[in-house]
Amino acid sequence: MASTADVSDNTAVLARQADILARPVTAERGMANAIRALAIDAVEAAKSGHPGMPMGMADVATVLWTKFMDYDAADPGWPDRDRFVLSAGHGSMLLYALLHLTGHDGMEIAELKRFRQLHSKAAGHPEVHEHPAIEMTTGPLGQGLATAVGMALAERLLAAKFGRSLVDHRTWVIAGDGCLMEGISHEAGALAGHLKLNKLTVLFDDNSISIDGGTDMATSEDPLKRFAAYGWAVRRIDGHDFGEIEAALKFAQKSAKPTMIACKTIIGLGAPTKAGTAGVHGAALGGAEAEAAKAALGWPHLPFTVPDAVASPWKAAGARGSAPRRAWLKRLAKHPQRAEFERVMAGRLPDGWAEAMSAFKAALAEQKPKLATRQASQKALEVLVPAVPELVGGSADLTGSNLTLVKNMGGVAAGNFAARYIYYGVREHGMAAAMNGIALHGGLIPYGGTFFVFSDYMRPAIRLAALMGVRAIHVLTHDSIGLGEDGPTHQPIEHLASLRAMPNVLVLRPADAIETAECWELAIRNTAGPSLLVLSRQAVPALRSEANGNKCARGAYVLAEAANGRAATLIATGTEVSLAMAARESLGKEGIDVAVVSAPSFELFGQQDASYQASVLGSAPRIGVEAAGGFGWERWLGPDGIFIGMSGFGASAPAEALYHHFGITEAAIVSAVKRKGNQKWQ
Ligand SMILES: Cc1ncc(C[n+]2csc(CCOP(=O)(O)OP(=O)(O)O)c2C)c(N)n1
Ligand SMILES: [Mg+2]
5 MASTADVSDN
15 TAVLARQADI
25 LARPVTAERG
35 MANAIRALAI
45 DAVEAAKSGH
55 PGMPMGMADV
65 ATVLWTKFMD
75 YDAADPGWPD
85 RDRFVLSAGH
95 GSMLLYALLH
105 LTGHDGMEIA
115 ELKRFRQLHS
125 KAAGHPEVHE
135 HPAIEMTTGP
145 LGQGLATAVG
155 MALAERLLAA
165 KFGRSLVDHR
175 TWVIAGDGCL
185 MEGISHEAGA
195 LAGHLKLNKL
205 TVLFDDNSIS
215 IDGGTDMATS
225 EDPLKRFAAY
235 GWAVRRIDGH
245 DFGEIEAALK
255 FAQKSAKPTM
265 IACKTIIGLG
275 APTKAGTAGV
285 HGAALGGAEA
295 EAAKAALGWP
305 HLPFTVPDAV
315 ASPWKAAGAR
325 GSAPRRAWLK
335 RLAKHPQRAE
345 FERVMAGRLP
355 DGWAEAMSAF
365 KAALAEQKPK
375 LATRQASQKA
385 LEVLVPAVPE
395 LVGGSADLTG
405 SNLTLVKNMG
415 GVAAGNFAAR
425 YIYYGVREHG
435 MAAAMNGIAL
445 HGGLIPYGGT
455 FFVFSDYMRP
465 AIRLAALMGV
475 RAIHVLTHDS
485 IGLGEDGPTH
495 QPIEHLASLR
505 AMPNVLVLRP
515 ADAIETAECW
525 ELAIRNTAGP
535 SLLVLSRQAV
545 PALRSEANGN
555 KCARGAYVLA
565 EAANGRAATL
575 IATGTEVSLA
585 MAARESLGKE
595 GIDVAVVSAP
605 SFELFGQQDA
615 SYQASVLGSA
625 PRIGVEAAGG
635 FGWERWLGPD
645 GIFIGMSGFG
655 ASAPAEALYH
665 HFGITEAAIV
675 SAVKRKGNQK
685 WQ
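This is the structure:
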């Protein structure tokens, strides 16, 4: 992003810069300068990017990556590596330079030369799929910090399960002023402090600059005091003093609390006129300033060139973890839980869970319980939680409503990580981001609950989950006006449509207990992105009497066919499927034959071949029924279809009264069929 800010009023910073640059160029400073030079060169070559942050944080990152962080460039997938999250993702060249210098395969200099170009691993912002050492996709400020809380929590949970000989690593985050101004930093910081995630360290790039200029134009808080209040250990250092950096990182390693270190840095350190200004945040320095910066830093080398004297200690740093990793492999080889550890880290589901679910579904088919789908979800969890030990649940303070807790899970707490249920507090956004971190860490499958309407509060994290392809399962109850009396603030209207619009999100809205179980199966199996289980508060009758296979897997299917040709096809989801079935029955009594299609997932149905879609949708007039806005339904209804649903916000009243008030009724369906259906009965 180009900065519009000018270059004025950085006199004091330039004086400090002169002082810093007057210090002797030690080996460490030389290594840090390699990061600065590569960031300058890559941004110049791309003619876009963010040189200021890598130049400012190069010293801190050098100490971290050469002396403290446990990783082995030869195997970025080592499960017990420290996690590094560049929450200030715009500073992506910092990460790419580090990966290059430490000798990671796939981040050769050619990649850096193609920074920000199509298919380069060195994308504009770090992207998790581009390189195995990129722990997550960052760029939306604050998400990295909050996701890292989930990673650090996952470490604690797995350490409690497998022991410290297999799981004993730290999570390091670099976050900027922007990350800390974002609201999500509050939720994430408070949760981490409460759980005393002491192996989490945030290195705050305290440069007092963001895009519009000095942060004092917009904020006057002290983030250290805020994080101290959350229960963090905090420290303030000169981010260009190697001794102070090292001491602070040692302090973090010993801390019994999560640690935030405010590193007072100069954005764009080295740039002779632009350092310390927003002008160096998000634009190339320009030829002359770039040259002068390198001269000031004492870096006489050609662009994209790192001399051996600097390159080889960097390479050595990248191999520091080789011996610890090999020792770890030996411990793993002898570990009694080796097979289980390898299974969960590979994301492979355990034996037996599918059979347990089949037996559960067969019982449902026989019992035909009338249940709210949220209750059906809880029953599915009663089967899944014991059968899939890597499942960890939670809720954003709506456990009793979401029905996400089942017995023997235990509540995760600072002193108790041998538990499987996380009380996230009223922190939907922080919860969704932490769930992403838990999933990204590996070894666990997170699910978490809130009201469907508050998916809005989690949307940026759900979007990142979709982009990254992480298995996070959201249990979203109270899914329509059917929640009743709580009224329009709590009644989702546009949420189904808006989440269906998001790529790579699996939206599942089951119609009865068997469908709910099937949707849980689909969610557990979906390793490609987040799954959203959209569930009712109100009870629905059992609609299915057989439970072989998984009918929801095709997204939509004919629940009840018309005996003698379709006068119309009723397509419904969730709680409205039973309404459609009731309408079908009363139409049948009048000799009007209609089919009912249950469509729990638009995404999965959209993936089916045209002939299956045609066989389900049929050629008779179509009527869609969903207690939500109709946006997107035209895809299945076609231009002549009728949609029975909501056209505005809901209201406060008992559910039944609301369905009548808004005209989502059996009678409305019947009359639509009579109006629009094939007229053969007349
Ligand atoms: C959620 C979000 N809002 C806005 C942006 C656009 N943006 C990118 S960097 C930035 C300023 C960040 O300031 P800071 O973290 O201090 O970074 P620095 O300028 O110090 O590198 C903004 C607003 C974003 N990436 N994410
Ligand atoms: Mg800043």
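To get the working numbering, take the position in the sequence shown, counting from 1, and add 4.
By construction, the Cβ of each residue, glycine as well, lies at the ideal position given by its N, Cα and C atoms.
None of these values were measured; they are calculated from a predicted model.
DSSP three-state assignment for V132, whether helix, strand or coil: Taking the sequence shown and counting its residues from 1, one reaches residue 132 at position 128. It is coil, neither helix nor strand.
Do the CB positions of S381 and L503 come within less than 8 Å of each other? Along the sequence shown, one-based indexing puts residue 381 at 377. Along the sequence shown, one-based indexing puts residue 503 at 499. Result no, Cβ atoms of S381 and L503 do not sit closer than 8 Å.
When you compare the CB of G193 with every CB in chain D, is at least one pair closer than 8 Å? Note that chain D does not occur in the displayed structure, where there is just one protein chain.
So F666 is in the alpha helix (DSSP H); what residue range does that whole segment cover? Counted from its first residue, the sequence shown places residue 666 at position 662. That residue, F666, is in no alpha helix (DSSP H); it is neither H nor E in DSSP.
Can you tell me which of I138, R352, R240 puts its alpha carbon nearest to the alpha carbon of H104? In the sequence shown, the residue the question calls residue 104 occupies position 100. Taking only the C-alpha atoms, the option nearest H104 is I138.
D209 beta carbon near ligand 2 (any heavy atom closer than 7 Å): For the purposes of this step, residue 209 is identified with residue 205 of the sequence shown, where counting begins at 1. Correct: D209 has its Cβ closer than 7 Å to ligand 2.
Go ahead and pull the three-state DSSP assignment for W303. Indexing the sequence shown from 1 puts residue 303 at position 299. If DSSP states are grouped into helix, strand and coil, W303 belongs with coil.
Checking 8 Å against the spacing of the C-beta atoms, do M61 and W318 come in under that value? Taking the first residue of the sequence shown as position 1, residue 61 is located at position 57. Taking the first residue of the sequence shown as position 1, residue 318 is located at position 314. No. Outside cutoff.
Assign N37 to one of two classes, buried (16 or more other C-beta atoms within 10 Å of its C-beta) or exposed (fewer than that). Reading the sequence shown from its first residue, position 33 is the one you call residue 37. Answer is buried; the Cβ neighbour count reaches 16.
Tell me, to the nearest whole angstrom, how far the beta carbon of M472 is from that of M221; I am working on the premise that it is less than 8 Å. Stepping through the sequence shown from its first residue, residue 472 is reached at position 468. Stepping through the sequence shown from its first residue, residue 221 is reached at position 217. With a Cβ gap of about 33 Å, M472 and M221 do not count as contacting.
What's the C-alpha gap between A369 and V153? Position 365 of the sequence shown, counting from 1, holds the residue named residue 369. Position 149 of the sequence shown, counting from 1, holds the residue named residue 153. Rounded to the nearest angstrom, the two C-alpha atoms are 41 Å apart.
According to DSSP, residues forming a beta bridge with P450: Looking up residue 450 in the sequence shown gives position 446. According to DSSP, which records beta bridges pairwise, P450 is partnered with V396.
I need the straight-line Cα distance from V601 to E131, nearest angstrom please. Within the sequence shown, the letter at position 597 stands for residue 601. Within the sequence shown, the letter at position 127 stands for residue 131. Between V601 and E131, the C-alpha separation is close to 39 Å.
In this structure, how does DSSP classify K678 when only helix, strand and coil are distinguished? Locating residue 678 in the sequence shown gives position 674, counting from the first residue. Three-state DSSP puts K678 in a helix.
Do T377 and P514 have their C-beta atoms within less than 8 Å of each other? Translated into the one-based positions of the sequence shown, residue 377 becomes position 373. Translated into the one-based positions of the sequence shown, residue 514 becomes position 510. Contact check for T377 against P514 passes: the beta carbons are separated by less than 8 Å.
Report whether the distance from the Cβ of M140 to the nearest heavy atom of ligand 1 is below 7 Å. For the purposes of this step, residue 140 is taken as residue 136 along the sequence shown, with counting starting at 1. M140 Cβ: outside cutoff for every heavy atom of ligand 1.
Contact test: I271 Cβ vs ligand 2 heavy atom, cutoff 7 Å: The residue labelled residue 271 in the question sits at position 267 within the sequence shown. The answer is yes for I271.
8 Å contact criterion, which I271 and N211 should meet: CB distance rounded: The residue you call residue 271 lines up with position 267 of the sequence shown. The residue you call residue 211 lines up with position 207 of the sequence shown. Contact between I271 and N211 holds: CB atoms are separated by about 4 Å, below the 8 Å threshold.
At 4 residues or longer, what runs of the alpha helix (DSSP H) sit wholly inside the stretch 365–415? 377–391, 403–406
At the level of alpha carbons, what is the spacing between A436 and V416? To locate residue 436, count along the sequence shown from 1; it is residue 432. To locate residue 416, count along the sequence shown from 1; it is residue 412. When rounded, the distance between both Cα atoms is 17 Å.
Could you name the residues of the same chain whose beta carbon sits closer than 7 Å to that of P144, not counting the 5 residues immediately before and after it, in chain order? Against the sequence shown, residue 144 aligns to sequence position 140. The residues are P464, L468.
My assumption, with CB atoms under 8 Å, is that G274 sits in contact with L301. Please give the rounded CB distance. What you label residue 274 is simply residue 270 of the sequence shown in a count that begins at 1. What you label residue 301 is simply residue 297 of the sequence shown in a count that begins at 1. Yes, they are in contact, since the Cβ atoms of G274 and L301 sit about 4 Å apart, within 8 Å.
Buried or exposed by the 16-neighbour rule on C-beta atoms within 10 Å, applied to N554: The residue you call residue 554 lines up with position 550 of the sequence shown. N554 is buried by the Cβ-count criterion.
Can you give the Cα-Cα distance for A603 and A567, rounded to whole angstroms? Indexing the sequence shown from 1 puts residue 603 at position 599. Indexing the sequence shown from 1 puts residue 567 at position 563. If you take the alpha carbons of A603 and A567, they lie about 20 Å apart.
Is there contact between the stretch 428–443 and the stretch 188–204, where contact requires at least three CB pairs shorter than 8 Å? By the Cβ criterion, the stretch 428–443 is in contact with the stretch 188–204, since at least three pairs of Cβ atoms, one from each stretch, lie closer than 8 Å.
How far does the alpha helix (DSSP H) with Y616 in it extend, from its first residue to its last? On the sequence shown, position 612 is the one that residue 616 refers to. 614–621 is the extent of the alpha helix (DSSP H) around Y616.
With which residues is H478 paired in a DSSP beta bridge? As a position in the sequence shown, residue 478 is number 474, starting the count at 1. Paired residue(s): G452, L536.
What are the residues that DSSP puts in a beta bridge with Y428? Taking the first residue of the sequence shown as position 1, residue 428 is located at position 424. The partner list for Y428 (beta bridge, DSSP) is empty, contrary to what the question assumes.
Going by the beta-carbon positions, is the gap between A43 and M97 smaller than 8 Å? Translated into the one-based positions of the sequence shown, residue 43 becomes position 39. Translated into the one-based positions of the sequence shown, residue 97 becomes position 93. Taking 8 Å as the Cβ cut-off, A43 and M97 qualify as a contacting pair.
Check W236 in the structure and name its three-state DSSP category. Here residue 236 refers to the residue found at position 232 when the sequence shown is read from its first residue. W236 carries a coil assignment under DSSP once its states are collapsed to helix, strand and coil.
Could you tell me whether the Cβ atoms of V392 and P354 are closer together than 8 Å? Here residue 392 refers to the residue found at position 388 of the sequence shown. Here residue 354 refers to the residue found at position 350 of the sequence shown. Yes, the pair counts as a contact, with Cβ atoms nearer than the cut-off.
Using 8 Å as the cut-off, can you tell me whether the stretch 63–72 makes contact with the stretch 109–129, which would need three or more C-beta pairs spanning the two stretches below that distance? no
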